Structure formats: C-alpha cells, structure tokens
Amino acid sequence: MNAVAANFPHARPRRLRRSAALRELVAETRLSVNDLVAPLFVREGISAPQPILSLPGVMQHTVASLLDEVRLLVRLGVKAVILFGVPAHKDAIGSGAFDPQGIVQVALRALHAEFGDRIVLMSDTCVDEYTDHGHCGVLDAHGQVDNDLTLDLYARAAVAQADAGSHVVAPSGMMDGQVGAIRAALDAAGHTGVAILAYSAKYASGLYGPFRDAVDVQIADGGDRKGYQQDWRNAREALTEVEADIAQGADMVMVKPALSYLDVIVAVRALTNLPVAAYHVSGEYAMIKAAAANGWIDHDVVALEQLTAIKRAGADVILTYFTRWFAERAAAQASGDPSASTPGGAL
Ligand code: PBG
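Mapping the sequence shown onto our numbering, position 17 (from 1) lands on 399, and the numbers just tick up by one.
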C-alpha cells in the first residue's frame, strides 16, 4: 500500500466524488424551483413589453404580458413572484405606491383574479419607484428622508397592496420601525393574514444599478441611499436590524444583496428560526449575463453555483431573475432532455 494513504486512512473524500450518482447521493444542498421567487416589473402606460438592456431576458411588462409570464411560471411550478411597479407619473411622496389605481395594485388585482392562491403574490413595499427624487421616502427641508413621515406612506402602500390581493408585503426602504407600522396598519385594515417579508439587512450596494434602469429611477442630485441602507462594512449591525424586524412582527427576514453578504446570511440563519430570504440582485444577475455573453464564464454553471451557494449559506427563499431560467431547465431535465444536465449535477 502507498505509504501516504496508510498514514491517512480516513482522508479520502474523493471516494465519494467518483461518479455523478455518488455525488448526487451525498450532496448537502439541493436547489429547487420551490426555493425561488421571480421579481417581475409592470409598467403603466405601455402597450407592449419593453426589454431592459442591463437585465437581459427581463421585461417591463404590461398587465397583459405580466399575466402571460405568471401563467408560464405557474405551469413551471414556480411558487412565488414579487412585483415592482413603474408608474407613468412620479411625485414628491410617491402616491402611485398607495393609490388603489397605482400600477402594482392594478396588476395585483388581475393576478389575484386569475391565480388566487395558486402562486404566492408578493409586492415590494417602498416608494422610490414612485417619487420624482428617487428616494425611498419623503424628504425633509434638508433633503434627508424623514423616517416617521415615510412610515405612514409605507403603511398606506402595504394596505393598498393587501386590498388588491397581495399575500406578502415586502418593505424594502430600511426605515426604522417600518415592519411595526405596516403590521399595525394591515391588522387595523383586517389583513391579519397578510405576511411581511422584511428586507431587514439591505445594504447600500453598488449592485442595484440594472434594477434602477428597470424601474426608471435616478436618485436626485447624484445622491445615494447611505442615509438609510446599511454600510457594507457592518455585519453585526445586520443582526440588530433583523432582531428589530422580528420584534415588530416580521414573518420572514431578508439579506440583500446575496453573494457579497453570505457571511450575513450565515449569521442571520443562526439568529432566527424564521424563514430567511436572500435577494440575488440585478447587478449579480447582470454580471453573469455580461461575462457569459463575452464567453468568459459558463452561464449555466456559474448561475447554478451562485444560487446554490446562497442556499448553502442558509437562505430558504431566494429572489432571483434566474427563476424562470432555472424552472425551464428543471422542467427540461425532468422530461429527460440531456442538454439540460449540469456538470457537477447541481440540479
Ligand atoms: C427599492 C428596491 C431596490 C431593489 C429592490 N427594492 C432598489 C434600491 O434599493 O435602490 C433592488 C433589487 C435589485 O437590484 O435587483 N424599492
């Protein structure tokens, strides 16, 4: 016998990597279509869906094309979508976010009428898509976002979304107290069954660029969101945010973005037994698309590797623009299409 092997009789992990079947048998993490949420954009005042250049494969939908897309996702077994609205008109307080005729409310009513409880309807609860200055709240005299005045807008938006059929509202503005304010408003309006997915640890990331193209948001005066979203140097602070949201009634907590914050996902997973979500954001998706388009990386392998890593870190729910791609691939694999098989057997 080889001397090294004799000295390390147990150090032979390669034994379990010898075949795809063995690797499948011992895989610790299995990504499933059930884990994924598709972010979808619906735009007011357009008559045909518009592609988003920086998010290849993602569209600004009309209500009609949104219904088509969700029909397809339901058929593919996708369990949830999250809606973002692009209004025709913006104003200082983002009225479109809570107007019953606002685009997301119109879309939610149409989706709810057709699909009922067959797919989870989530809605992003914020005002930045609807404000003319692009911030996630009302501005005070110094141009700062006023926390407590903004809470009132979020409460109204959440109730409008719930009235329109949203099953899960997802406050993303990082105002202090937003979960409590929304919970109280939902309960007062009789929506005790509507859940809150709290964007609890949301960082002031550079990775939201393509999303801002998707929702036509420019932050006024070259501004940023560092006054309300988290500083990316901080991980412990994320736990304070998560604890606060849980105390205020969050049903699920989210870390966003995902890949640069896997350490935060691990820590949040250890902190709570609530479902943990992670948002694989627009920039993360766009980077894969761009590098793959140049032939620099293998699109499918990297997409699977990254989504699996997010689940491995502890996320139960992953919001990703790859949802439809993944679901189509899983369906092709289930029907025995060999071109859908993945090196490494990640599916
Ligand atoms: C705010 C919101 C943003 C995203 C989700 N909700 C943008 C922001 O905070 O600037 C980003 C999602 C992505 O980049 O995919 N309503």
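Ideal Cβ placement from N, Cα and C applies to all residues, glycine included. Please read all numbers here as calculations on a predicted model, not as lab measurements.
Original post:
What separation, rounded to the nearest whole angstrom, lies between the Cα atoms of Leu-621 and Val-419?
Top reply: Taken atom to atom, the span from the alpha-carbon of Leu-621 to that of Val-419 is near 24 Å.
**OP:** Starting from the C-beta of Val-468, find all residues in its chain whose C-beta is less than 8 Å away, skip the five residues before and the five after it, and write them out in chain order.
**Re:** Here Val-468 has Phe-423, Val-424, Arg-425, Glu-426, Gln-442, Ile-485, Glu-511, Ala-596, Val-597 and Asp-598 as same chain residues with Cβ atoms under 8 Å from its own Cβ, once five neighbours each way along the sequence are excluded.
Subject >> Asp-506 CB to nearest heavy atom of ligand 1 below 7 Å >> reply: Judged by the Cβ position, Asp-506 qualifies as a neighbour of ligand 1 at the 7 Å threshold, a heavy atom of the ligand being closer than this.
**OP:** With DSSP as the reference, label Tyr-661 as helix, strand or coil.
**Re:** In the structure shown, Tyr-661 falls within a strand segment according to DSSP collapsed to helix, strand and coil.
**OP:** Could you tell me the distance, in whole angstroms, from the CA atom of Ser-554 to the CA atom of Arg-405?
**Re:** Their backbone Cα atoms lie some 38 Å apart in a straight line.
**OP:** Return the chain-ordered ranges of every beta strand (DSSP E) run that is complete within the region 509-596 and spans a minimum of 3 residues.
**Re:** Entirely contained in the region 509-596, the beta strand (DSSP E) runs reaching 3 residues are, in chain order, 550-553 and 577-584.
Original post:
Distance, Cα to Cα, Ile-428 vs Ala-403?
Top reply: One C-alpha to the other measures close to 49 Å.
Subject >> Check whether Thr-507 and Gln-483 have beta carbons under 8 Å apart >> reply: A distance of 8 Å or more separates the beta carbons of Thr-507 and Gln-483.
Subject >> Paired residues, beta bridge with Gly-421 - DSSP >> reply: Before going further, note that residue 421 is Pro rather than Gly in the sequence given. The bridge partners DSSP lists for Pro-421 are Ile-464.
**OP:** Starting from Leu-686, trace the beta strand (DSSP E) both ways and give me its first and last residue.
**Re:** Run containing Leu-686: none in the beta strand (DSSP E); it sits in the alpha helix (DSSP H), 681-695.
**OP:** In the DSSP assignment, find the unbroken beta strand (DSSP E) run with Val-646 in it and report its ends.
**Re:** First-last for Val-646: 644-653, but that is the alpha helix (DSSP H), not the beta strand (DSSP E).
Original post:
Within the present structure, is the beta-carbon of Arg-538 separated from the nearest heavy atom of ligand 1 by less than 7 Å?
Top reply: Distances from the CB of Arg-538 to the heavy atoms of ligand 1 are all 7 Å or more.
**OP:** Grab the span of the alpha helix (DSSP H) containing Leu-404 for me, first residue to last.
**Re:** Following the DSSP letters along the chain, one finds Leu-404 inside the alpha helix (DSSP H) bounded by residues 402-408.
Original post:
Ala-632 and Val-699: beta carbons closer than 8 Å?
Top reply: Contact flag unset, no.
Subject >> Pick from Thr-411, Asn-616 and Tyr-590 that is closest to Asp-645, judged by C-alpha positions >> reply: Nearest C-alpha to Asp-645 among Thr-411, Asn-616 and Tyr-590: Asn-616.
Original post:
Where does Gln-442 sit, in a helix, a strand or coil, going by DSSP?
Top reply: Three-state result, Gln-442: strand.
Original post:
In three-state DSSP terms, what is Arg-702?
Top reply: For clarity, residue 702 is Thr in the given sequence; the question names Arg instead. Reduced to three states, the DSSP call for Thr-702 is strand.
**OP:** Locate the beta strand (DSSP E) running through Leu-490, then write down its first and last residues.
**Re:** Under the DSSP assignment, Leu-490 falls outside any beta strand (DSSP E), being part of the alpha helix (DSSP H) whose first and last residues are 485-497.
**OP:** With Asp-506 as the anchor, note down where its beta strand (DSSP E) starts and where it stops.
**Re:** Asp-506 -> beta strand (DSSP E) spans 502-507.
**OP:** Answer yes or no: do Tyr-590 and Gly-665 have a C-beta to C-beta separation smaller than 8 Å?
**Re:** Yes, the Cβ-Cβ distance between Tyr-590 and Gly-665 is below 8 Å.
Subject >> Arg-706 beta carbon near ligand 1 (any heavy atom closer than 7 Å) >> reply: Taking the Cβ of Arg-706 as the reference point, every heavy atom of ligand 1 lies at 7 Å or farther away.
Subject >> Identified DSSP bridge partners for Met-636 >> reply: Paired residue(s): Ala-659.
Original post:
Helix, strand or coil: which one does DSSP assign to Asp-473?
Top reply: DSSP places Asp-473 in strand when its eight states are reduced to three.
Original post:
Are at least three pairs of beta-carbons, each pair with one atom in the region 534-541 and one in the region 561-575, less than 8 Å apart?
Top reply: Note that the region 534-541 touches the region 561-575; at least 3 beta-carbon pairs, one per stretch, sit closer than 8 Å.
Original post:
Taking three-plus beta-carbon pairs below 8 Å as touching, is the region 445-463 in contact with the region 518-532?
Top reply: Flag = no, the region 445-463 and the region 518-532 do not touch.
Original post:
Under three-state DSSP, which class holds Pro-433?
Top reply: The three-state reading of DSSP puts Pro-433 in strand, counting E and B together.
Original post:
First and last residue of the alpha helix (DSSP H) that includes Glu-619?
Top reply: Counting along the chain, the alpha helix (DSSP H) containing Glu-619 begins and ends at 618-629.
Original post:
In this structure, what does DSSP give as the bridge partners for Gln-612?
Top reply: The beta-bridge partner set that DSSP reports for Gln-612 consists of Tyr-585.
**OP:** Please confirm whether any heavy atom of ligand 1 lies closer than 7 Å to the CB of Gln-613.
**Re:** Position check: residue 613 holds Asp in this sequence, whereas Gln was assumed. Taking 7 Å as the cut-off, the C-beta of Asp-613 does not count as close to any heavy atom of ligand 1.
Original post:
Taking the alpha-carbon positions, what's the Val-527 to Arg-594 distance?
Top reply: CA-CA distance, Val-527 to Arg-594, rounds to 19 Å.
**OP:** Report yes if the CB atom of Ile-501 is closer than 8 Å to the CB atom of Val-463, and no otherwise.
**Re:** Pairing Ile-501 with Val-463 gives a Cβ-Cβ distance under 8 Å.
Original post:
Are the CB atoms of Thr-513 and Gly-476 nearer to each other than 8 Å?
Top reply: Contact: yes.
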